[in-house]
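In numbering that gives the first Met the number 0, the protein residues as written are 0 to 462. First up is the structure itself, then whatever we jot down about it.
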Amino acid sequence: MDNTPEKIIRSVVDQCADCEQCREMMADVCPFFPRLYQLFDQERDESSLIGSRDLRKLVDLCNFCGLCPCPDIRARILKAKSGFVSCDGMPVKTKLIQDVEKVSKYLNSFHGLGNVLMRNRLSSGLFKELAGVHRDRLLPEASVKNFPFWAAKTGLCQKHSDDHSGKLRVALFAGCTSRYFFPEVARAAVRFLHKNQVEVYYPPQKCCSMPPMLEGDSTFAGELAKYNLEQMTDCIKSGYDLVCSCPTCGYMFKKLLKEKACYSSEYQESVGGDETFILVPVEDSDSKPEQIRHRRVHRSMYSGILRDDGVFSHLDPLKRIEVAEKTFDLGQYLLGLFRSGKLDAGFPRLKKKVLYYPPCHTREQNMGLPYADLLRQVPGLEVQVVEGAYLCCGMAGIMGCKKEFYHQSLEMGRPLMEKIRAMQPDILVTECLSCRLQFMQTLPFVQSHPIEILAGAYIGTIV
Ligand code: SF4
Ligand code: SF4
């Protein structure tokens, strides 16, 4: 069988060894490729065959940051990982920490007793040991007054009436880390949107499914995605734009959820594909659905490859595409308002030097750097951007918490940290709260999500 996880990942090794492009290019930014080439070289030079255990460990090194050039290679790594998990099961520790919502609920139970225990070195050490988290990894406290609690209290969970007579309205998807650990970020998003006359609805939502997907738990990832997809299509029907304040959620809903959906028979029927040709959309992030151009691809040559057979292929392909089209990153949405003259840019003058770091999953959305453009609208604010397509904080979501990956994670982030240290900002700004955890661990600077800066700027109170 060609589709055992070993065979899938072996085919990746052979293809990338043949191509060689990522040997140099990914040497310092990704743990996967250096190991791949090391295994390949040993096999070639020392006749030391790459074994099944090596292949199993190799897939665990990919955190799906998206920096490498071939989406198909990433998809195959993921497929192999999920195949290994289906065969061998998932370690209990990983099962626990991949469910961020559950972890925060444990920490908050009994009036925040979990948080109290986490402040104690002994009990936090025990928790980390049980969860497979490295003992030196700093973890944020779970907020007792988390965002769902606040949203329910302030009426954000109520849908608006169907008649919105031209009013702007968004359904806010806040991401687990903000909802449960940094609720001030999601609250700042709401304040900023309200200030700009945008109606905000906080719909029922679950984790975007990135952590379990990365851990190879495609069953759990599929369940989460199914739930969100239903909620999101319901929001679209009620006239909401879908807005994500977390770049990883945005990347998931805009790019990954719909991956390969265009090869489905449902999509092909809707755009006029036929027995002979598949119509493949030409990727263009700024195109409206009706403007998307297609390339004709002969079925006989590609029907084995161009199939909707990814992690989310059990979900309605047309809904996946619709959700992707209606989802905006918060910064992207606000920049759209600014460009159409609908954003109040009457910020007072602020004398601060902020350094903006665009995280991997923002870069992966191919939408420019909307937050950098928005921050530059605040008079007096000196905005610098950390340049470098391959710079990464190394946190990789929950991977950076894991005992076995902790040091590697710090090492991967080292070039970025050195660059930031040299720039000495007053405030370090990024929209990725996973990056924030790594920055908290390694840098002394005050940190902020760009929406906190922008919302604070209206009243002249940025940190
Ligand atoms: S990921 Fe793509 S570009 Fe990189 S080595 Fe593999 S085949 Fe080549
Ligand atoms: S997605 Fe990121 S971690 Fe995975 S192979 Fe590509 S560059 Fe490496």
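Idealized CB from N, CA, C, for every residue including glycine.
Extent of the continuous beta strand (DSSP E) to which residue i belongs
i: F172; result: R168 to F172
i: P280; result: F276 to P280
i: I426; result: I426 to V428
i: D240; result: D240 to C243
Where residue i falls: helix, strand or coil (DSSP)
i: E258; result: coil
i: I419; result: helix
i: K402; result: coil
i: T93; result: helix
i: V12; result: helix
i: Q383; result: strand
i: V353; result: strand
i: V99; result: helix
i: S46; result: coil
i: P4; result: helix
i: V115; result: helix
i: P369; result: helix
i: K158; result: coil
i: D40; result: helix
i: E19; result: coil
i: Y389; result: coil
i: I458; result: coil
i: E140; result: coil
i: L442; result: coil
i: L453; result: helix
i: F63; result: coil
i: M394; result: coil
i: C434; result: helix
i: M24; result: helix
i: G124; result: helix
i: P30; result: coil
Sheet register partners of residue i (DSSP bridge)
i: V132; result: K401
i: T447; result: Contrary to the premise, residue 447 reads as Ser rather than Thr in this sequence. BP columns for S447 point to V428.
Host alpha helix (DSSP H) of residue i (start-end)
i: V84; result: P70 to D87
i: V58; result: S51 to V58
i: C359; result: C359 to R362
i: A224; result: S217 to K236
i: V270; result: S264 to V270
i: G249; result: P246 to Y250
i: K152; result: F146 to K152
i: R348; result: Segment: none, R348 is in no alpha helix (DSSP H) and carries neither H nor E.
i: E214; result: E214 -> no alpha helix (DSSP H), and no H or E assigned at all.
i: R375; result: Neither: R375 is in no alpha helix (DSSP H) and is coded neither H nor E.
3-residue-minimum beta strand (DSSP E) runs that sit fully inside the stretch 287–343, ordered along the chain: Fully enclosed beta strand (DSSP E) runs of no fewer than 3 residues occupy 293–297 and 326–328 of the stretch 287–343, in order along the chain.
Beta strand (DSSP E) runs wholly inside the stretch 164–210, at least 3 long, in chain order: Whole beta strand (DSSP E) segments, 3+ residues: 168–172 and 198–200.
Segment contact, 8 Å Cβ cut-off, at least three pairs: the stretch 3–11 with the stretch 40–54: Enough Cβ pairs lie closer than 8 Å, so yes.
Cβ contact (3+ pairs, closer than 8 Å) linking the stretch 246–266 and the stretch 115–122: Contact between the stretch 246–266 and the stretch 115–122 is absent, because fewer than three Cβ pairs lie under 8 Å.
Cβ pair count under 8 Å reaching 3, the stretch 234–252 against the stretch 336–354: In short, these stretches do not touch, since the Cβ pair count stays below three.
Touching by the beta-carbon criterion (3+ pairs, under 8 Å), the stretch 408–428 and the stretch 316–333: With the rule of 3 Cβ pairs closer than 8 Å, the stretch 408–428 does not count as touching the stretch 316–333.
Stretch-stretch touch, CB-based, cutoff 8 Å, three pairs: the stretch 419–431 with the stretch 397–406: Of all C-beta pairs linking the stretch 419–431 to the stretch 397–406, fewer than three are shorter than 8 Å, placing the two stretches out of contact.
Inter-stretch contact (C-beta, 8 Å, three-pair minimum) for the stretch 373–388 and the stretch 186–200: No: fewer than three Cβ pairs fall under 8 Å.
The stretch 193–206 touching the stretch 162–176, judged by at least three CB pairs closer than 8 Å: The answer is yes - the stretch 162–176 touches the stretch 193–206, with three or more Cβ pairs under 8 Å.
Touching by the beta-carbon criterion (3+ pairs, under 8 Å), the stretch 303–321 and the stretch 259–277: Enough Cβ pairs lie closer than 8 Å, so yes.
At least 3 beta-carbon pairs within less than 8 Å: the stretch 66–77 vs the stretch 143–153: Cβ pair count under 8 Å is below three, so no.
Three CB pairs or more closer than 8 Å across the stretch 431–442 and the stretch 355–366: With contact defined as three or more Cβ pairs closer than 8 Å, the stretch 431–442 and the stretch 355–366 are in contact.
Validate contact between the stretch 433–448 and the stretch 385–395 using beta carbons, cut 8 Å, 3 pairs: Yes, the stretch 433–448 is in contact with the stretch 385–395.
Contact the stretch 58–68 vs the stretch 77–90: 3+ CB pairs below 8 Å: As far as the Cβ criterion goes, the stretch 58–68 touches the stretch 77–90, which means the pair count is three or higher.
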